[in-house]
Amino acid sequence: MKTKKRVLVTGASGFIASHVVPALLAAGYKVTGIDKLARTLARHKNFRFIKKDIAALTSLAGYDYVIHLAFATNIPKSILDPVGTTYNNIDLGVKVLELAKQAGVKKVIYPSTASLYGAQPTPWRESLPAFPGEPYSLQKYAMERFCRYYADNGLPTVVFRLFQVFGENQRQDTALAKFFRCRKEGRPIPITRTTAQAGFKSARRDWIYAGDIAKAFLAALKSDQAATGEIINIGTGRTYTIREIAELISDKIEFIPKRGFESDKHLADITKAKKLLGWSPKTDVKAWLKKYVKTI
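In terms of this note's numbering, the sequence shown opens at residue 24 and continues consecutively.
The structure is reproduced here in structure tokens:
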């Protein structure tokens, strides 16, 4: 890369950003991270951190690309506080898109969620209709439509629908982080039983490693035209039950009632990601867990 391209990463103190920022730096980008929270971040000559709420942003001039990772990600929280999470997830998201358009940014990458597929038969393809069933998925779907609007009006955008994300530095409200706490404290791991598929007794998920997601972001930045205006599944195309995963962490398991917003099975069709991005996942959750549990 002759002239280093400048990338702004919002939500730079977050889980996914902790994988995306190092990947960008390793690929030769100049990276600015912005977040209202201060955490231990990359120390690198091509990395700059700004402690600021994106609500205070007034310009994105000087950036070639924007990766927007600043949003509330917790589904139960969105149910308890739909007004506050809608402000964070839609109002501020649209603000980032508008500022990016005004600044002539070459591309914005926005991560959405596989949860908006609802309870449709799997595998889930991007052409399926959306059935967002709670505020978080509704907010993500609204932002997908805004990304499409901006893509049609001069701002290239790419939307990734992320499946069950795992990896180092994961948020404390994720399933795996809760499982690890239960192991550490000697408590049984609570998992919800599925009502529709008694054959596996617990729900199945398509587990995607955050480091592989970072590589998908890099693939989308390879050219200004790559996947512009598209919605792309980022998963693995294979599933494991939550029980299988929990039993790799602890032999103490208890079943609890299924929550209303949970689907029995997630499974991505990643044909589009392979075709448009030349991307495919490399990390298997079971192999990763077998190594990771030895460190906790």
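We put the CB at the ideal spot given by N, CA and C, even for glycine.
As the structure is a prediction and not an experimental result, all values here were calculated from the model.
* So the alpha helix (DSSP H) phenylalanine 203 belongs to, where does it begin and stop? -> 198 to 208
* Taking all protein chains shown into account, decide if threonine 218 is buried (16 or more other Cβ within 10 angstroms of its Cβ) or exposed. => Unreliable positioning characterises threonine 218 in this predicted model, as indicated by a pLDDT of 42, which lies under 50. A coordinate reading is not provided.
* To do: Helix, strand or coil for isoleucine 254, going by three-state DSSP, please let me know.
  => strand
* Inter-residue Cα distance where the pair is phenylalanine 186 and isoleucine 257 -> 6 Å
* For phenylalanine 169 versus valine 131, is the C-beta spacing smaller than 8 Å? -> no
* Counting only the same chain and skipping the five closest in sequence on each side, list residues whose C-beta sits under 8 Å from that of serine 82. => Leu122, Gln125, Ala126
* To do: Using 10 angstroms around the beta-carbon of alanine 35, count the other beta-carbons present and answer buried if the total reaches 16, otherwise exposed.
  => buried
* Check tyrosine 52 in the structure and name its three-state DSSP category. => coil
* To do: Starting from lysine 74, trace the beta strand (DSSP E) both ways and give me its first and last residue.
  => 70 to 74
* To do: Find out if the Cβ-Cβ distance for the pair isoleucine 214, phenylalanine 278 is shorter than 8 Å.
  => yes
* If you run the structure through DSSP and keep just helix, strand and coil, what is glutamine 220? -> Note that glutamine 220 scores 43 on pLDDT, short of 50, meaning its location in the model is unreliable and no value can be drawn from it.
* To do: For glycine 234, count neighbouring Cβ atoms within 10 angstroms of its own Cβ and tell me buried if that reaches 16, exposed if not.
  => buried
* To do: Kindly indicate the opening and closing residues of the beta strand (DSSP E) around serine 135.
  => 130 to 136
* Run of the beta strand (DSSP E) containing proline 213, from where it starts to where it stops -> 212 to 215
* CA-CA distance, lysine 74 and proline 144? -> 43 Å
* Asked: What residue from Leu199, Phe203, Asn97 has the CA that sits closest to leucine 161's CA?
  -> Asn97
* Name the DSSP beta bridge partners of glutamate 277, please? -> Pro213
* **alpha helix (DSSP H) segments (min. 4 residues) lying fully within the stretch 72 to 124** => 98 to 103, 105 to 109
* alpha helix (DSSP H) runs wholly inside the stretch 137 to 181, at least 4 long, in chain order -> 158 to 174
* By the 10 Å Cβ neighbour count, where 16 or more other Cβ atoms means buried, how is glutamate 191 classified, buried or exposed? -> exposed
* Is it a yes or a no for the stretch 295 to 308 touching the stretch 237 to 257, going by three-plus beta-carbon pairs under 8 Å? -> yes
* Asked: Leaving out five residues before and five after histidine 67 in sequence, what residues of the same chain have Cβ atoms less than 7 Å from its Cβ?
  -> Leu48
* Which residues share a DSSP beta bridge with threonine 26? -> Its beta-bridge partners do not exist; DSSP assigns none.
* Is arginine 266 helix, strand or coil when you go by DSSP? -> helix
* Under the three-state DSSP convention, the category alanine 242 falls into -> helix
* Among Ile212, Ile231, Glu270, which has the Cα closest to the Cα of leucine 290? -> Ile231
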